[in-house]
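Heads up, the thing below is written out as C-alpha cells.
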Amino acid sequence: MTAAPRDDLAQRIAGEITLSDDPGATLRKWRTDFDVSQTELAKQLDVSSSVISDYESGRRESPGIGVVSRMVGALLDIDESRGGGRIRQYARVLSAGFESDIVHDLREYPTSVSLDRLYEAMDATELVAGDHDYVSGHTVINSIEAITRLSSDEFYRLYGQSTNRALIFTGVTRGESPLVAMRVVKPTPNAVVLHGVTEEDLWDHAPALATIDGFSLAVSTRDLDEMLDDLRKLP
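Numbering follows this note's numbering, in which position 82 of the sequence shown is assigned residue number 76; successive positions increment by one, without gaps.
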C-alpha cells in the first residue's frame, strides 16, 4: 500500500470528524464503513471498548485532533492488515473526483465478468437483456446525490475507464431519474442495476427505455453493505 492514498484518506477522515457537529456519530460512520467493531478498534488503540462507545455516543468530551488522528490511524492499520481493500476503494473514488457519499465504489476488473456473475453477487433479477452480456467494471452510485449534485460532465466520469460496465444506482424508489439520466448521457453502459426497488414498484417505462438504449436492466433489494462486500470480490 503506497503512502499517498492512505495519507489522503487519513486527512479526509480526520478533517470530517474534527469539523463535524457530532464528531462521535461521524467517527461511528467511518468505523462502520470500514467494518471494524468497537472491540477491534479499542484493541488496536489499547483502550477499553467503553472508551470508543463513550466517544461515539457523546458521553465523553469530543476527541481532540490527537485522539482523532490515533483513531483514524488505527482504522487504517486494521484495514491494511486485512489487505487494504477499503483504502483502495476510497482511493479509486476520490481519484475519480467524487465524494464518497455520491459514489460508494468504483472498480475496473482485470478481466471481463459475465452479467450472470455480477447479478449473482448482487442477488439481482434481470428484467431486460441488453446488447452485451459482460462488464469490465462497476460503479455504485447514490442515485439522489448523483442526480442532484453532479453536472453532465461529472456524470460521464462515473464510467471510470470504460463504458463496458454496470452502473448500480442505490436508494431507488421507482427508477425514473436514473433511466431518464441514461437517455441524456451517451454512450450508455452495458448494464444498469436499480438497487432498492422491486419489479412490481419499478417505473412502468423503465424496461422500454432500457430496450431502446440497448443496456441490460436489473433490480435488487439485497442489503447494501453485503452487496458491496460481494461486488468487491469480483472477478
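From the three backbone atoms N, C-alpha and C, an ideal C-beta is built for every residue, glycine too. It should be emphasised that the depicted structure is a prediction, and the values quoted were computed from it without experimental measurement.
Leaving out the 5 sequence neighbours to the left and right, which residues in its chain are closer than 6 Å to residue i when beta-carbon positions are compared?
{"i": "Arg80", "result": "Phe28, Asp73"}
{"i": "Arg0", "result": "Leu70, Ile81"}
{"i": "Ile96", "result": "Asn136, Glu139, Ala140"}
{"i": "Pro172", "result": "Ser137, Phe163"}
{"i": "Gly208", "result": "Gly124, Asp125"}
Which residue from the options puts its Cα closest to that of residue i?
{"i": "Ala185", "options": "Glu50, Val107, Ala19, Trp24", "result": "Val107"}
{"i": "Pro104", "options": "Glu120, Ala68, Val129", "result": "Val129"}
{"i": "Leu70", "options": "Trp24, Pro57, Asp48, Tyr49", "result": "Trp24"}
{"i": "Ala4", "options": "Ile141, Lys37, Leu218, Gly67", "result": "Gly67"}
{"i": "Glu194", "options": "Lys180, Val178, Ala212", "result": "Ala212"}
{"i": "Asp125", "options": "His98, Asn158, Val97", "result": "Asn158"}
{"i": "Ala85", "options": "Thr142, Arg6, Ser47, Asp217", "result": "Arg6"}
{"i": "Val179", "options": "Ser146, Ser171, Ser210, Gly208", "result": "Ser146"}
{"i": "Arg53", "options": "Ser44, Val61, Gly60, Ile59", "result": "Ser44"}
{"i": "Asp127", "options": "Leu173, Asp117, Thr142, Leu109", "result": "Leu109"}
{"i": "Pro142", "options": "Ser75, Ala175, Arg22, Thr167", "result": "A small correction: the amino acid at residue 142 is Thr; Pro does not occupy that position in the sequence shown. Taking only the C-alpha atoms, the option nearest Thr142 is Ala175."}
{"i": "Ala118", "options": "Asp2, Leu218, Asp40", "result": "Leu218"}
For residue i, I'd like the list of residues in its chain whose CB is within less than 7 Å of its CB, leaving aside the five on either flank, ordered along the chain.
{"i": "Ile138", "result": "Gly165"}
{"i": "Gly169", "result": "Leu188, Val191, Leu196, Trp197, Ala200"}
{"i": "Thr205", "result": "Val122"}
{"i": "Thr20", "result": "Glu10, Ile11, Ser14"}
{"i": "Ser51", "result": "Gly18"}
{"i": "Leu161", "result": "Thr133, Ile135, Leu152, Pro183, Val186"}
{"i": "Val30", "result": "Leu69, Ile72"}
{"i": "Ile46", "result": "Gln32, Leu35, Ala36"}
{"i": "Thr215", "result": "Gly190, Thr192"}
{"i": "Tyr113", "result": "Glu120, Ala212"}
{"i": "Gln38", "result": "Ala68, Asp71, Ile72"}
{"i": "Pro181", "result": "Thr157"}
For residue i, collect the residues of the same chain with a Cβ closer than 8 Å to its Cβ; drop the 5 residues on either side in sequence, then sort them by chain order.
{"i": "Ala115", "result": "Met221, Asp224, Leu225, Lys227, Leu228"}
{"i": "Ala202", "result": "none"}
{"i": "Ala8", "result": "Ile59, Val62, Ser63, Val66"}
{"i": "Pro57", "result": "Ile11, Pro17, Leu21, Tyr49, Met65"}
{"i": "Tyr150", "result": "Val179"}
{"i": "Thr167", "result": "Gly190, Val191, Asp195"}
{"i": "Ser42", "result": "Ala36"}
Name, in chain order, the residues that DSSP records as bridge partners for residue i.
{"i": "His189", "result": "Ser214"}
{"i": "Ile162", "result": "Val134, Val187"}
Compare the C-beta of residue i against all C-beta atoms of chain B and say whether one is closer than 7 Å.
{"i": "Val134", "result": "Of the protein chains in this structure there is only one, and it is not chain B."}
Q: Please list the segments of the beta strand (DSSP E) lying wholly inside the segment 88 to 158, counting only runs of 3 or more residues, in order along the chain.
A: Taking only runs of at least 3 residues, the beta strand (DSSP E) segments lying wholly in the segment 88 to 158 are 97 to 108, 119 to 122, 128 to 136.
Q: Return the chain-ordered ranges of every alpha helix (DSSP H) run that is complete within the segment -3 to 30 and spans a minimum of 4 residues.
A: List check, alpha helix (DSSP H) in window: -3 to 13, 17 to 27.
Q) Which runs of the alpha helix (DSSP H), 4 residues or longer, sit entirely within the segment 52 to 84? A) DSSP runs (the alpha helix (DSSP H)) wholly in the segment 52 to 84: 59 to 75.
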